[in-house]
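Residue numbers (this note's numbering): 1140 to 1370.
Just so you know, even glycine gets a beta-carbon here, dropped at the ideal spot from N, CA and C.
For clarity, every value in this text was computed on a predicted model and none was experimentally measured.
Comments concern the structure below.
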Ligand code: CA
């Protein structure tokens, strides 16, 4: 199935040339001529990649990028007219994947599109290949990104819950007492009750277990503590 590229560019002739170029290469293309329409089309059509101009009427490309990122991880290449804008894009951490300065060659842009599509294809197909992930059953813990996925869906997890899960998961089958967990996950300075651990375990189970009352991942060793079960 061909990939769909959304082109958000207000200059009609540039938009048309881009559409023509990518059509010819076998992609499906969609065109938007302002930021707001671009964001709407991105939500509605779920493209595989977005080419996003910075200088757009109404909502500019930077705001459009931020808006798209609220609901999508689609690869975004920003099209900039000036070199100094690149620093701005990088500094603002908009979440764009790449940028290209005008004037660019069609070949260069096409090479970047291909590279980005390949990368996103790989990451969507084989997330478990990453060395910084721990996979168990349908749960994938991405250590670098502080992210936990279940069945491919990112869980809404707090930092403390993540730290606790990570601590247990890097040493599967090893049983940790609540005191040890409190010391290592909450820190020595933490003057909390060990029941804090139980409460956090319970919340974690509600998020990652199919049935929190019959856990498969975060196990209890009665009167000793907890351990992570690698499935
Ligand atoms: Ca423009």
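Checklist entry - Just to confirm, are residue 1367 and residue 1294 a CB contact at a threshold of 9 Å? => result no
Next on the checklist: For a test of the three-state rule: what should DSSP assign to residue 1209, helix, strand or coil?
Outcome noted: It is coil, neither helix nor strand.
Next on the checklist: Counting C-beta neighbours from all protein chains within 10 Å, is the total for residue 1297 16 or more, i.e. buried, or is it exposed?
Outcome noted: Looking at its Cβ environment, which holds fewer than 16 other Cβ atoms inside 10 Å, residue 1297 is exposed.
Checklist entry - Relative to the alpha-carbon of residue 1162, which residue among 1317, 1220, 1249, 1192 has its alpha-carbon at the smallest distance? => result 1249
Checklist entry - Can you tell me the Cα-Cα spacing of residue 1307 and residue 1212, whole angstroms? => result 29 Å
Next on the checklist: Quick check: what's the CA-CA separation for residue 1347 versus residue 1356?
Outcome noted: Taking C-alpha positions only, residue 1347 is separated from residue 1356 by approximately 8 Å.
Checklist entry - Can you name, in chain order, every residue of its own chain whose Cβ lies under 8 Å from the Cβ of residue 1205, other than the five neighbours on each side? => result So the qualifying residues of the chain are 1233, 1234.
Item to check | Any alpha helix (DSSP H) of 4 or more consecutive residues that is wholly inside the region 1167–1202 | outcome: The qualifying runs are 1174–1184.
Checklist entry - Can at least three beta-carbon pairs, one atom from the region 1329–1344 and one from the region 1270–1279, be found at a separation below 8 Å? => result no
Checklist entry - In the DSSP assignment, what are the bridge partners of residue 1360? => result 1364
Checklist entry - Start and end of the beta strand (DSSP E) containing residue 1374? => result Residue 1374 is absent from the structure shown; the chain starts at 1140 and stops at 1370.
Item to check | residue 1195 versus residue 1172 - alpha carbon distance | outcome: 8 Å
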